[in-house]
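Q: Here you go, one structure.
In the working numbering, the protein residues as written are 13 to 71.
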């Protein structure tokens, strides 16, 4: 699995956890996805995950 696919999987897992109300778990998945997106220089995906991180943090 490519690093991009790994990051996408992690982000989607974070979205699922957030939807289920498991905000702490969602934040952990988002943190891991952000790390990979940073390594890849994917600023668009990084900004999307930062937005989701903010939503999970406020919940």
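Note that CB positions come from ideal geometry on N, CA and C, so glycine has one too.
(1) Reducing DSSP to helix, strand and coil, say where residue 50 ends up.
(2) May I have the straight-line CA-CA distance separating residue 39 from residue 52, to the nearest angstrom?
(3) Please classify residue 68 as buried or exposed, where buried requires at least 16 neighbouring CB atoms within 10 angstroms.
(4) Starting from the C-beta of residue 65, find all residues in its chain whose C-beta is less than 6 angstroms away, skip the five residues before and the five after it, and write them out in chain order.
(5) What is the DSSP secondary structure of residue 64, counted as helix, strand or coil?
A: Short version:
(1) In this structure, residue 50 counts as helix in the three-state DSSP scheme.
(2) The alpha-carbon atoms of residue 39 and residue 52 are separated by roughly 20 angstroms.
(3) In this structure residue 68 is buried. Its beta-carbon is surrounded by 16 or more other beta-carbon atoms within 10 angstroms.
(4) Counting only Cβ-Cβ distances below 6 angstroms, and skipping sequence neighbours, we find 42.
(5) Note: residue 64 maps to helix in three-state DSSP.
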